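In what follows, a single structure is set out as structure tokens and then discussed.
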Amino acid sequence: MQPRRDALVVIRTSSFCSDGSCVGVAINPGAEVRVVDTKAEGGPALRFTPAEWAAFVAGVKAGEFDLPDS
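In this note's numbering, the protein residues as written are 70 to 139.
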């Protein structure tokens with residue numbers, strides 16, 4: 070059996086995924102990154118290039134999407 074080219078990594082946390090509404094990230098190295106709703110198997114996906122995904126992850130790590138303190 071050969072390994073799958075796309076590895077689905079499902080991110081689940083109790084604070085964001087308590088009702089099963091989870092986000093999955095499928096990475097196909099060198100091709101694309103897909104973000105999916107794990108409840109909707111075969112449903113639509115947001116598709117990003119590896120460079121777009123890397124820029125998004127860097128922005129998250131840098132706090133670019135943090136909400137202001139209230």
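Every residue, glycine too, gets a C-beta built ideally from N, C-alpha and C.
All figures in this text were calculated on a predicted structure; none of them were measured in a lab.
Under the DSSP assignment, Ala-95 falls in the beta strand (DSSP E) whose first and last residues are 92-97.
Here Glu-101 carries a strand assignment [DSSP, helix/strand/coil]. Boundaries of the beta strand (DSSP E) harbouring Phe-117: 114-117, taken from the DSSP string. Taking Ala-109 as reference, the option from Gly-99, Glu-101, Ala-123 and Ser-90 with the minimal CA-CA separation is Ser-90. With 16 or more other CB atoms across the displayed protein chains lying within 10 angstroms of its CB, Val-105 is buried. Ranked by how close their Cα comes to the Cα of Ala-100, the residues Trp-122, Gly-112 and Thr-107 have Trp-122 in first place.
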